[in-house]
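Undergrad: In the numbering used here, the protein residues as written are 1 to 179.
All residues carry an ideal CB built from backbone N, CA and C; glycine is no exception.
As the structure is a computational prediction, the values presented were derived from the model and not from experiment.
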Ligand code: IMP
Ligand code: MG
């Protein structure tokens, strides 16, 4: 199946059932590593909200949630700038923190955000991303500790991923058709 946004065609790329498997896999690994801990999951709004809620429900351990809004992306290409538009309100000192992100692309967002978080002295700091684009990674420290699936350089929408703030509500993930 395909969908059209702003004159661009996107083809289904990761089905709902595969997304559910990826989320379950990430949850299992986190559950093993944090069996005796109570991590704070930081949801990077708005892209990670679907992943965060599905991930939390798949986690059989005590955990809490916090939110932050980081803006680093404009349309289909990275602006190379990062803005903290809704700051984190939660005190993470001495907490086991897992940043939950939709995708790590160049890594600039996570590189920048991890520096901020480290200055607030969490006990531990990890990143869980549903997807990553290893070929695009420019900041090696931003490589996610937990990743659902690595994808090639593609622009994706759906399941939280947006194009100009639309298409997040598509239940599957679609990739931009390249001609
Ligand atoms: P990075 O800072 O270059 O790693 O980009 C990360 C951010 O860009 C993610 O949090 C996403 O919000 C956004 N992004 C990266 N790739 C895509 C994509 O294919 N579709 C939609 N958003 C994306
Ligand atoms: Mg994002």
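Would you identify the three-state DSSP class for residue 178, choosing helix, strand or coil?
TA: Here residue 178 sits in coil by DSSP.
Undergrad: Using 8 Å as the threshold, is the C-beta distance between residue 172 and residue 29 below it?
TA: No, the Cβ-Cβ distance between residue 172 and residue 29 is not below 8 Å.
Undergrad: Pull up the distance between the alpha-carbon of residue 56 and that of residue 179, whole angstroms please.
TA: Those two C-alpha atoms are separated by around 38 Å.
Undergrad: Counting Cβ pairs, one atom from each stretch, are 3 or more of them under 8 Å apart for the stretch 129-149 and the stretch 81-91?
TA: Touching, no, given that fewer than three Cβ pairs across the two stretches are closer than 8 Å.
Undergrad: Assign residue 101 to buried or exposed, taking buried as 16 or more other Cβ atoms, counted over all protein chains shown, within 10 Å of its Cβ.
TA: The residue is buried, with at least 16 neighbouring Cβ atoms inside 10 Å.
Undergrad: What's the gap between the Cα of residue 31 and the Cα of residue 145?
TA: So the alpha carbons of these two residues sit roughly 14 Å apart.
Undergrad: Helix, strand or coil: how does DSSP classify residue 16 here?
TA: Residue 16: helix per DSSP, three-state reduction.
Undergrad: Does the ligand IMP have a heavy atom nearer than 7 Å to the CB of residue 61?
TA: No, Cβ of residue 61 sits at least 7 Å from all heavy atoms of the ligand IMP.
Undergrad: Taking the C-alpha atoms as reference points, what is the distance between residue 22 and residue 128?
TA: So the alpha carbons of these two residues sit roughly 12 Å apart.
Undergrad: Should residue 39 go down as buried or exposed, given a rule of 16 or more other Cβ atoms within 10 Å for buried?
TA: Buried, since its Cβ has 16 or more Cβ neighbours within 10 Å.
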